[in-house]
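Enquirer:
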Amino acid sequence: MRPRVLVYHPSPAAPSDTGQKDPSRASLQSHSGCRGLRPTGPTSPSGQWALWPGPGSSCSPTCWPPWSSPASSCSSLSCRFADQRGARAALSLSFLAASVFYLLLAAACSPALPGVLLLFASRLPSPFMHTLPAAQMIITDLTGPEERPAALGRLGLCFGVGIILGSLLGGTLSTSCGIHCPAIAAFMANLLGAVISFTCIPAKTKEASVDAQATQPGLPKASVFDLKAITRLLLLPSVLPVFLVKVASGFPSGLFMVMFSIISMDFFQLEASQAGYLMSFFGILQMVTQGLVIGRLSRHFSEEALLRASVLVFIMVGLGMVLMSNILHFCFLMPGLVFSLCSLNVVTDSMLTKAVSATDTGTMLGLCASVQPLTRTVGPTIGGLLYRNFGVPIFGHVQLAVNFLIFLFLWRKPMSQKGDKAK
1 MRPRVLVYHP SPAAPSDTGQ KDPSRASLQS HSGCRGLRPT GPTSPSGQWA
51 LWPGPGSSCS PTCWPPWSSP ASSCSSLSCR FADQRGARAA LSLSFLAASV
101 FYLLLAAACS PALPGVLLLF ASRLPSPFMH TLPAAQMIIT DLTGPEERPA
151 ALGRLGLCFG VGIILGSLLG GTLSTSCGIH CPAIAAFMAN LLGAVISFTC
201 IPAKTKEASV DAQATQPGLP KASVFDLKAI TRLLLLPSVL PVFLVKVASG
251 FPSGLFMVMF SIISMDFFQL EASQAGYLMS FFGILQMVTQ GLVIGRLSRH
301 FSEEALLRAS VLVFIMVGLG MVLMSNILHF CFLMPGLVFS LCSLNVVTDS
351 MLTKAVSATD TGTMLGLCAS VQPLTRTVGP TIGGLLYRNF GVPIFGHVQL
401 AVNFLIFLFL WRKPMSQKGD KAK
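For the sequence shown, the UniProt record's numbering begins at 1 and goes up steadily by one.
1. So, for I382: in the same chain, excluding its five sequence neighbours on each side, which residues have a beta-carbon less than 8 Å away from its beta-carbon?
2. Just to confirm my understanding: we take R308, look at its own chain, exclude 5 residues before and 5 after, and list those with CB closer than 6 Å. What are they?
3. Count the other C-beta atoms from every protein chain shown that fall within 10 angstroms of the C-beta of L299, then say buried if there are 16 or more, exposed otherwise.
4. Flag this pair as yes or no: are the beta carbons of S340 and S197 separated by less than 7 Å?
5. Using the C-alpha atoms, what's the distance from L306 back to H180?
6. Kindly list the residues whose CB is nearer than 7 Å to the CB of P145, restricted to its own chain and excluding five residues on each side of it in sequence; keep chain order.
7. Would T205 be called buried (16 or more neighbouring beta carbons within 10 Å of its own) or exposed?
8. Taking the runs of the alpha helix (DSSP H) that are 4 residues or longer, which of them lie wholly in the segment 268 to 322?
9. Let me check understanding here. Comparing Cα to Cα, which of S99, P252 and L105 lies closest to G193?
10. Using 8 Å as the threshold, is the segment 266 to 280 in touch with the segment 396 to 403, meaning 3 or more CB pairs across them?
11. Alpha carbon to alpha carbon, how far is A212 from L96?
12. Can you grab the Cα-Cα spacing for the pair I138 / R85, in whole Å?
13. Please report how far the alpha carbon of G291 lies from the alpha carbon of G283, in whole angstroms.
14. Using C-beta distances below 6 Å, list every residue in its chain close to F268, excluding the 5 sequence neighbours before and after it, in chain order.
15. Is the beta carbon of Y183 sitting closer than 7 Å to the one on A135?
16. Quick one: any contact between the segment 371 to 379 and the segment 237 to 257, if contact means 3 or more CB pairs under 8 Å?
17. What span of residues does the alpha helix (DSSP H) with N326 cover, start to end?
18. Per DSSP, what kind of secondary structure is T353 in: helix, strand or coil?
19. Is the CB-CB distance between A203 and R296 below 7 Å?
20. Can you check whether the CB of V245 is closer than 7 Å to the CB of G379?
21. State the CB to CB distance for the pair L386 and I394, rounded to an integer number of angstroms; the pair is presumed to be in contact (CB under 8 Å).
22. Taking C-alpha atoms, which residue in S94, T199, E271 and F314 lies nearest to S126?
23. Please return the same chain residues whose Cβ sits closer than 7 Å to the Cβ of N403, not counting the five positions on each side in sequence.
24. Do T363 and V242 come within 7 Å of each other at the CB atom, strictly closer than that value?
25. From C342 to A112, what does the alpha carbon distance come to, in whole angstroms?
26. Identify whether S370 lies in helix, strand or coil by the three-state DSSP scheme.
27. Can you give me the start and stop residues for the alpha helix (DSSP H) that F256 sits inside?
28. Please classify P149: does DSSP put it in a helix, a strand, or coil?
29. Cα separation between D141 and G153?
30. Quick check on T143: does DSSP put it in helix, strand or coil?
31. Keeping to the same chain, check which residues put their C-beta closer than 6 Å to that of S264; ignore five residues upstream and five downstream.
32. Quick one: grab the DSSP three-state call for G160.
33. Here's the rule I'm using: 16 or more other beta-carbon atoms within 10 Å means buried, otherwise exposed. How should N345 be labelled?
34. Considering R123, what are the terminal residues of the alpha helix (DSSP H) in which it resides?
35. What's the C-alpha gap between S350 and L408?
36. Put H397 into one of helix, strand or coil per three-state DSSP.
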């Protein structure tokens, strides 16, 4: 394996490969659009300083996992802050932290400044950048149990729209004005999101009875950094099985998606532009499924039935991944994979928020939001070892085996929502 190199070489501006209304959804679209605006790929600051392995070594970037893990572990603390201080404070803090992130990222694009140092410093605000869980908490507080899956799905649709529009705008700006322009535009958009959150989001979205329950006389006031309370919440009998199913069922597909950029070029023999088109199709399919399909299904089927269906489809997709040999096969598998991912995330989020008291919905959503960053942290290492030693079929074998065991578990032990809630 050749050693890593740290060489500055300016790269030409090129488009990035990335991408019922209420204030919370509008501000979330602003934030997700900024994620699409963020420079990535060959036009990003990390691409300019070539912080990548040399030829013949693993191709996955390793700069961000040490920073992703603390950020993901702070997700539950950030959302517990939303439970304690209100949705307005949480969203405003998240947008301000994102503004600092993009400001440092824009500064890293300047040749006159220490770009590598600023690039790593830009990750420092990450523990406070949890806009999506905060917006999910607002939707959870303002919707009833029956409407919650559809509302969370529509929120995911808004997030996807922002990602796609941001990617298009980011590519246009980086081509016409340089790679620093998308970061500056994202900085301004996040400031706008902070203003919208501060002026339009209510200070408290929970009911008055819930606030009274949270501040009962004679009880010590809960702390934002009370890790014992978070652990006790996670270990509730009605929470732990659902959370473990959420983590275990989605982990094999998460490994595959983390490695997909390498698999698309090495196994499917796709060009970078073709892989980008495929991921755009994947994103659009995910938006349609979350925004239109999951909500309608939730009106006709129980959450437990949808959870079993998602695991069953995961099993079939895993079997297909074992047998697939070209990109056409993967395109046939993609709708099933997207349905399983969307239904698993939306349904388990809804079930977990119903399993806890209304004062802890933000903390629970923060725990749910920490699953994906942790997968991205350990995924490149585990996925790289599996792919190098066993090839693409191993991802199908793992997905098939894990979800088959989960399906047997769900069949023998139904996920009842009648468990004790956190007091």
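Heads up, the beta-carbon is just placed ideally off N, CA and C, and yes, glycines get one too.
Expert: Taking the structure as given:
1. L255
2. L410
3. Just to set this straight, residue 299 is Arg in the shown sequence, not Leu. By the 10 Å Cβ count, R299 comes out exposed.
4. no
5. 44 Å
6. K354
7. buried
8. 272 to 288 and 294 to 300
9. S99
10. no
11. Its pLDDT being 45, under 50, A212 is placed unreliably in this model, and the value from its coordinates should be taken loosely. The alpha-carbon atoms of A212 and L96 are separated by roughly 30 Å.
12. 13 Å
13. 12 Å
14. I327
15. The sequence given here places Ala at residue 183; Tyr does not occur at that position. Cβ atoms of A183 and A135: not closer than 7 Å.
16. yes
17. Looking at the DSSP string, N326 is not in any alpha helix (DSSP H), and its letter there is neither H nor E.
18. helix
19. no
20. no
21. 5 Å
22. S94
23. S249, V311, F314, I315 and G318
24. no
25. 44 Å
26. coil
27. L240 to V258
28. helix
29. 15 Å
30. coil
31. L270 and A275
32. helix
33. buried
34. It is not in any alpha helix (DSSP H) - R123 carries neither H nor E in the DSSP assignment.
35. 22 Å
36. helix
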